[in-house]
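In what follows, a single structure is set out as structure tokens and then discussed.
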Amino acid sequence: MMHKSEPALAPSTPHRRPIGVFDSGIGGLTVVRHLLEALPDDSFVYLGDTARVPYGNRSRETVRVYAEQCMDFLLQHDVQAIVVACNTVSAVAMDHVMQRSPVPVIGVIEPAAAQAAAVSAAGVIGVIGTRATIASDAYATAIHRHTATARIVSQACPLFVPLVEEGWLDTPATTLVAEAYLSVFRPEDIDTLVLGCTHYPLLTSVIEKLLPGVHLIDCGSCTAVELAHQLQNRPSEAAPPNEQRLHVYVTDPSPLFSELAATFLGMRIGTPHVVTIDHHGIAS
Ligand code: DGL
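Taken in order, the sequence shown gives residues 530 to 813; the numbers are from the working numbering.
Set out below in structure tokens:
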């Protein structure tokens with residue numbers, strides 16, 4: 530029992546809940562790389578659906594089901610917000626995830642579209658992404674919300690993802706494939722190009738050589754800046770003490786994980802936790 534003369538215990542500040550991030554695979558670590566920098570006092574739970582990657586060639590219906598399962602998994606980890614790091618999910622399932630999530634959700638398309646509209650002087654903007662992202666027209670719609678007169682030239686680049694996952698970031702074969710895809714932009718005089726896929730920032734050097742002077746938009750960086758801005762006025766909660774800042778979960782333990790994760794994230798991380806998918810969804 531507390532005596533009257535004893536000072537009341539100060540209410541302890543609750544610890545800050547982690548931010549959840551998901552992607553079709555480990556490509557979303559290119560987004561986490563920027564999140565770690567923009568939100569230095571936060572911790573992150575990352576889910577890469579490596580058992581079912583790639584999402585980029587799948588139907589909208591399938592991507593929606595997968596996205597909902599990824600969201601449910603992160604919610605079981607008591608996340609305060611969810612980052613949809615995958616462009617394909619952001620393009621075809623953003624409304625679906627936002628309607629179902631009890632916590633705020635941010636995708637990568639809106640922040641990148643806003644940035645593209647802001648930096649393009651000529652108003653002619655290129656967009657590259659997976660087949661599903663380009664077919665959805667989500668970038669054009671989002672860019673037009675910021676600048677109605679912009680001309681958008683889009684190109685799906687489905688071979689870029691496997692090239693990056695092979696570690697072929699700057700090889701003659703990569704340049705050849707990139708030349709074929711990016712040739713659509715040359716006669717169009719684009720001044721800005723949105724790298725609308727988790728993997729494409731790793732091809733920056735090849736793309737820059739083929740499109741010199743074109744402003745490249747990295748959606749991971751734009752999203753991290755936007756999320757930090759949105760969270761700046763949240764109630765103060767203590768940063769978790771001495772906590773590991775990044776917890777990585779995958780649905781399949783690829784033997785290439787460590788090498789790829791280091792490439793995408795820019796630093797080495799330990800072995801990820803492997804979680805299973807059954808008919809109820811992704812088990813926590
Ligand atoms: N993460 C996907 C994206 O950003 C690329 C890989 C895939 O097709 O699943 O669109």
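We treat Cβ as the ideally placed atom computed from N, Cα and C, and that holds for glycine.
{"Query": "Have a look at serine 734 and glycine 655 and give me their C-alpha separation to the nearest angstrom.", "Result": "17 Å"}
{"Query": "To test your reading of the DSSP string, which unbroken beta strand (DSSP E) runs of 3 or more residues are found completely within the region 718-742?", "Result": "721-725"}
{"Query": "Provide the residue(s) that pair with aspartate 747 in DSSP beta bridges, ordered along the chain.", "Result": "Leu724"}
{"Query": "Could you tell me the distance, in whole angstroms, from the CA atom of proline 687 to the CA atom of aspartate 571?", "Result": "34 Å"}
{"Query": "Who are the Cβ neighbours of valine 743 in its own chain at under 7 Å, not counting the five residues just before and after it?", "Result": "Ile719, Asp720, Thr721 and Leu722"}
{"Query": "If alanine 812 and valine 804 are in contact, beta carbons under 8 Å, what's the gap, nearest whole angstrom?", "Result": "6 Å"}
{"Query": "Determine the closest residue to glycine 577 out of Leu568, His563, Gly556 and Pro569, with distance taken between C-alpha atoms.", "Result": "Gly556"}
{"Query": "Can you have a look at aspartate 624 and say buried or exposed, based on whether 16 or more other CB atoms are within 10 angstroms of its CB?", "Result": "exposed"}
{"Query": "Closer than 7 Å to a non-hydrogen atom of the ligand DGL - does that hold for the CB of glycine 585?", "Result": "yes"}
{"Query": "The alpha helix (DSSP H) with histidine 673 in it runs from where to where?", "Result": "667-675"}
{"Query": "Using a threshold of 7 Å, is the CB atom of serine 750 nearer than that to any non-hydrogen atom of the ligand DGL?", "Result": "no"}
{"Query": "Lysine 533 to proline 801, Cα distance in whole Å?", "Result": "Because lysine 533 sits at a pLDDT of 48, beneath the cut-off of 50, its placement in the model cannot be relied upon, and the point is left open."}
{"Query": "Using alpha carbons as the reference points, say which of Cys599, Tyr729 and Ile663 lies closest to valine 613.", "Result": "Cys599"}
{"Query": "Report, in whole angstroms, the separation of the C-beta atoms of valine 637 and asparagine 616, which I expect to be a contact under 8 Å.", "Result": "6 Å"}
{"Query": "Hey, how far is the Cα of glycine 520 from the Cα of phenylalanine 786?", "Result": "One cannot answer for residue 520 here, as it falls past the ends of the chain, which runs 530 to 813."}
{"Query": "Within 10 angstroms of the Cβ of proline 691, are there 16 or more other Cβ atoms? Answer buried if so, exposed if not.", "Result": "exposed"}
{"Query": "What do you get for serine 665, buried or exposed, if any count of 16 or more other CB atoms within 10 angstroms of its CB means buried?", "Result": "buried"}
{"Query": "By how many angstroms is the C-alpha of threonine 792 removed from the C-alpha of glutamate 755?", "Result": "24 Å"}
{"Query": "Just the C-alpha distance for leucine 739 and glutamate 772, rounded to the nearest angstrom, thanks.", "Result": "43 Å"}
{"Query": "State the DSSP-derived secondary structure class of serine 765, mapped to helix, strand or coil.", "Result": "coil"}
{"Query": "Would you call leucine 731 buried or exposed, if buried means 16 or more other Cβ atoms sit within 10 Å of its Cβ?", "Result": "buried"}
{"Query": "Do cysteine 599 and the ligand DGL come close, with the Cβ less than 7 Å from some heavy atom?", "Result": "no"}
{"Query": "Considering only DSSP beta bridges, list what glycine 799 is partnered with.", "Result": "Per DSSP, none; premise fails for glycine 799."}
{"Query": "I want to check one thing, is the minimum distance from the CB of asparagine 616 to the heavy atoms of the ligand DGL below 7 Å?", "Result": "yes"}
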